[in-house]
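>
Have a look at this one:
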């Protein structure tokens, strides 16, 4: 049981490039979310999904897209990377009564 | 709208001393409250949760937290700090069991000295 798997662990992008951060969970959880973590800011919700085919925006959605074609996968797309998107990104899935299980994170640097 | 305030971005204690990390929440409905811990270069790990059962919640690694509705608080405590407790701690609140609106505090870094 792998839990929540995020790839890659580290990434450096040039301004304007696009990329997809991958997230997969094997716990059959319906609810999944993407957060970004910045020093002194805690974790801020980017997008979330309540099930396959259903997504919604969180607190800081601008510059990011998501899709949820399967229960297992919830990729986060950066459309045109900007230095302000330099951050650590966490994917998480939720089970009622237990809370979130977090992935180990992707550290993204945009230069 | 719900929110979480963690008082003190950095707390320092000596090994063996009491750990107290403060969290106050704002919520228009009975909240679900959580404490997470993050060790360096790792993801977040659930310490404990309050989901409207007992107001005193025991978690992993000897931590516990008490839900006080009158004070809108959910402070995290541990009677005796250990060096391995040094980490960043996050309080979080959700207004629903679905978890689609989990709001985190900005975190408190705990340092433990020998």
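Protein chains in written order, with the numbering used here: chain A, 32 to 142; chain B, 37 to 150.
Built from N, CA and C at the ideal position, the CB exists for glycine as well.
Remember, predicted model here, so these are calculated numbers, not experimental data.
Under 9 Å, CB to CB, which of the residues in the stretch 64-79 of chain B have a partner in chain A?
Listed by position along the chain: 68, 70, 72, 74, 77, 78 and 79.
> Measuring CA to CA, which of B:64, B:60, B:65 and B:77 is closest to residue 71 of chain B?
Nearest C-alpha to residue 71 of chain B: B:60.
> Does residue 69 of chain B pass the burial test, meaning 16 or more other C-beta atoms within 10 Å, or should it be called exposed?
The residue is buried, with at least 16 neighbouring Cβ atoms inside 10 Å.
> Can you find a C-beta in chain A that's less than 8 Å from the C-beta of residue 143 of chain B?
For residue 143 of chain B, the answer is yes, since a Cβ of chain A falls inside 8 Å of its Cβ.
> Using a Cβ cut-off of 7 Å, pull out every chain A residue sitting near residue 56 of chain B, in sequence order please.
Those within 7 Å of residue 56 of chain B in chain A number zero; the least Cβ separation is about 19 Å.
> Measuring only the C-alpha atoms, how far is residue 3 of chain A from residue 120 of chain A?
Outside the displayed range of chain A (32 to 142) lies residue 3 of chain A, so it cannot be described from this structure.
> Please classify residue 120 of chain B: does DSSP put it in a helix, a strand, or coil?
Residue 120 of chain B falls in the helix class under three-state DSSP.
> Thinking C-alpha only, which one of A:51, A:124, A:110 and A:76 is nearest residue 103 of chain A?
Out of A:51, A:124, A:110 and A:76, A:124 has the C-alpha closest to the C-alpha of residue 103 of chain A.
> Helix, strand or coil for residue 97 of chain B per DSSP?
Residue 97 of chain B falls in the helix class under three-state DSSP.
> Measuring CB to CB, does residue 141 of chain B end up less than 8 Å from residue 128 of chain B?
Result yes, Cβ atoms of residue 141 of chain B and residue 128 of chain B sit closer than 8 Å.
> Quick one: is residue 72 of chain A near chain B, going by C-beta distance under 8 Å?
By this cut-off, residue 72 of chain A is an interface position.
> Span of the beta strand (DSSP E) holding residue 82 of chain A?
Start and end: 73-82.
> Pull up the distance between the alpha-carbon of residue 86 of chain B and that of residue 111 of chain A, whole angstroms please.
Going by the C-alpha atoms only, they are around 40 Å apart.
> Can you grab the Cα-Cα spacing for the pair residue 114 of chain B / residue 93 of chain B, in whole Å?
The alpha-carbon atoms of residue 114 of chain B and residue 93 of chain B are separated by roughly 12 Å.
> Please report the residue range of the beta strand (DSSP E) in which residue 131 of chain B lies.
Per DSSP, residue 131 of chain B belongs to no beta strand (DSSP E) and is neither H nor E.
> Among the residues of its own chain, which have a CB less than 8 Å from the CB of residue 100 of chain B, if the five just before and after it don't count?
Cβ within range, chain order: 84, 92, 93, 94, 112, 113 and 114.
> Does any CB atom of chain B fall closer than 8 Å to the CB of residue 134 of chain A?
So yes, residue 134 of chain A belongs to the interface.
> Could you check if residue 107 of chain B is buried or exposed, using at least 16 other CB atoms within 10 Å of its CB as the buried criterion?
So residue 107 of chain B ends up on the exposed side.
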